[in-house]
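Numbering (the numbering used here), first residue to last: 812 to 904.
Presented below is the structure to which this report refers.
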């Protein structure tokens, strides 16, 4: 798969792509140890709040951003939730 030259920069300039992140669902399951649904990339319009809609012609860049967000949220959101009380107390000092 190749990316159309010049379209990769749209990951920081395309308003429609950036709107994917306004309401991205990173909520946790009942255990608090994992996301309810993994962040995924789709072609076409979003059907669920855990999806990111790729930029046509910039699939490689869209995929890279999605992987980065999916990995970081899967690791960090449960850790933040688990340590939220400690973080809040540290912020009040």
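Virtual Cβ for every residue (Gly too), placed ideally from N, Cα, C.
Express the C-alpha separation of residue j and residue i in angstroms, rounding to a whole number.
{"i": "residue 826", "j": "residue 836", "result": "19 Å"}
{"i": "residue 904", "j": "residue 896", "result": "13 Å"}
{"i": "residue 891", "j": "residue 898", "result": "8 Å"}
{"i": "residue 901", "j": "residue 839", "result": "23 Å"}
{"i": "residue 886", "j": "residue 879", "result": "11 Å"}
{"i": "residue 894", "j": "residue 830", "result": "29 Å"}
Do residue j and residue i have their beta-carbon atoms positioned less than 9 Å apart in this structure?
{"i": "residue 873", "j": "residue 822", "result": "yes"}
{"i": "residue 815", "j": "residue 850", "result": "no"}
{"i": "residue 864", "j": "residue 852", "result": "yes"}
{"i": "residue 818", "j": "residue 855", "result": "no"}
{"i": "residue 866", "j": "residue 828", "result": "yes"}
Which two residues bound the contiguous beta strand (DSSP E) that contains residue i?
{"i": "residue 851", "result": "851-853"}
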